[in-house]
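Using full-length UniProt numbering, you'd call the opening residue of the sequence shown number 1 and step up by one each time.
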Amino acid sequence: MNHSHHDDEFEDDYYDEEDLPPSKSSRKRAMEALQKLGKQLTELRADQLSQIPLTDRLHEAIHAYNKIGSHEAKRRQLQFIGKLMRDMDEEEVRSFIDKFDQGSVQQTAEHHRLERWRESLISEGDQAVTEFMNQYPNTEAQHLRQLIRAAQKDITENKNRGAAKKLYRYLKEIVDDAE
């Protein structure tokens with residue numbers, strides 16, 4: 001067998017991996033990644049979704065997904081969302097989602113901090129009030145004490161008149177104003 005130099009060159013080029021189309025399994029992995037990203041998009045609030053540059057068709061598909069009840073129909077709709085996302089900048093969409101996730105982590109931490117303040121103000125009384133007032137001097141002491149007394153009364157009478165919620169809202173207002 002006499003191979004010419006030209007044939008070897010052809011074989012080398014023919015088997016160059018960059019020229020080969022992606023394998024079926026790699027295409028499937030890419031589609032599953034897009035579907036997973038699409039699923040994250042369906043879990044965002046409308047105000048968050050509006051900040052991401054998406055096509056109108058994709059917005060409609062996400063809106064439709066959230067109205068679907070059937071598990072199988074949701075699965076098919078996610079496949080469609082993944083298909084619509086093929087032409088999008090995946091990294092840009094992912095960066096928006098990451099930003100929203102980071103924001104929700106901070107919101108959760110803030111929520112827990114306010115709940116701890118509320119619980120200590122209700123259970124520890126004056127000492128906790130003094131600590132809170134030292135940290136947040138813009139607090140109206142009389143109003144704070146009224147809200148605490150109302151929350152304590154709800155607890156002792158085993159009633160839920162919303163006093164603890166009002167106290168939480170006031171604490172949130174004070175903390176938000178201070179920051």
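Glycine is no exception: its CB is placed at the ideal position from the N, C-alpha and C atoms.
Residue i, buried or exposed, once every other Cβ within 10 Å from all chains shown has been counted against 16
i, result
"Val105", "exposed"
"Ala46", "exposed"
"Asn138", "exposed"
"Leu20", "exposed"
"Ser4", "Only weak support is given to the placement of Ser4: the predicted model assigns it a pLDDT of 49, under 50, and the question is left unresolved by the model."
C-alpha distance - residue i paired with residue j, whole-angstrom precision
i, j, result
"Arg76", "Glu131", "55 angstroms"
"Leu37", "Lys74", "14 angstroms"
"Phe80", "Arg113", "41 angstroms"
"Leu147", "Gln102", "32 angstroms"
"Gln48", "Glu60", "15 angstroms"
"Ser26", "Val93", "21 angstroms"
"Glu157", "Met88", "58 angstroms"
"residue 194", "Arg118", "Since the displayed the chain opens at 1 and closes at 179, residue 194 lies outside it and no answer follows."
"Lys172", "Phe100", "21 angstroms"
"His71", "Leu41", "17 angstroms"
"Ala109", "Glu115", "10 angstroms"
"Asp56", "Lys67", "17 angstroms"
"Leu44", "Ser120", "33 angstroms"
"His63", "Lys28", "25 angstroms"
Residues near residue i in its chain [Cβ-Cβ closer than 8 angstroms; skip 5 each side]
i, result
"Ala141", "Val129, Met133"
"His143", "Tyr170"
Residues near residue i in its chain [Cβ-Cβ closer than 6 angstroms; skip 5 each side]
i, result
"Asn151", "First, the residue type needs correcting, since residue 151 is Ala and not Asn in the sequence shown. Only Ile122, Ala163, Ala164, Leu167 meet the Cβ criterion."
"Asp98", "none"
"Tyr170", "Leu147"
"Asp8", "For Asp8, the predicted model reports a pLDDT of 49, less than 50, meaning its position is unreliable; a value from the coordinates is still stated below. Within the same chain, Asp8 has no close Cβ partners at all."
Same chain only: Cβ atoms within 7 angstroms of residue i, ignoring 5 sequence neighbours per side
i, result
"Gly82", "Met31, Leu34, Gln35, Gly38"
"Asn160", "Asp154"
"Tyr136", "Ile174, Val175, Ala178"
"residue 181", "No information on residue 181 is available, as it lies outside the stretch 1 to 179 that the chain covers here."
Three-state class that DSSP yields for residue i in the structure shown
i, result
"Thr139", "coil"
"Gly103", "helix"
"Arg113", "helix"
"Lys159", "coil"
"Thr108", "helix"
"Gln51", "coil"
"Asp154", "helix"
"Glu32", "helix"
"Gly69", "coil"
"Ser123", "helix"
"Arg76", "helix"
"Glu179", "coil"
Residue i beta carbon near the ligand NAP (any heavy atom closer than 8 angstroms)
i, result
"Ala61", "As far as ligands go, the structure on display features none, and thus does not contain the ligand NAP."
CB contact below 9 angstroms: residue i versus chain E
i, result
"His112", "Among the chains in the structure shown there is no chain E, since it carries only a single protein chain."
Whole-Å CB distance - residue i paired with residue j, under 8 angstroms assumed
i, j, result
"Leu78", "Leu58", "Actually they do not touch by this definition, with Cβ atoms about 12 angstroms apart."
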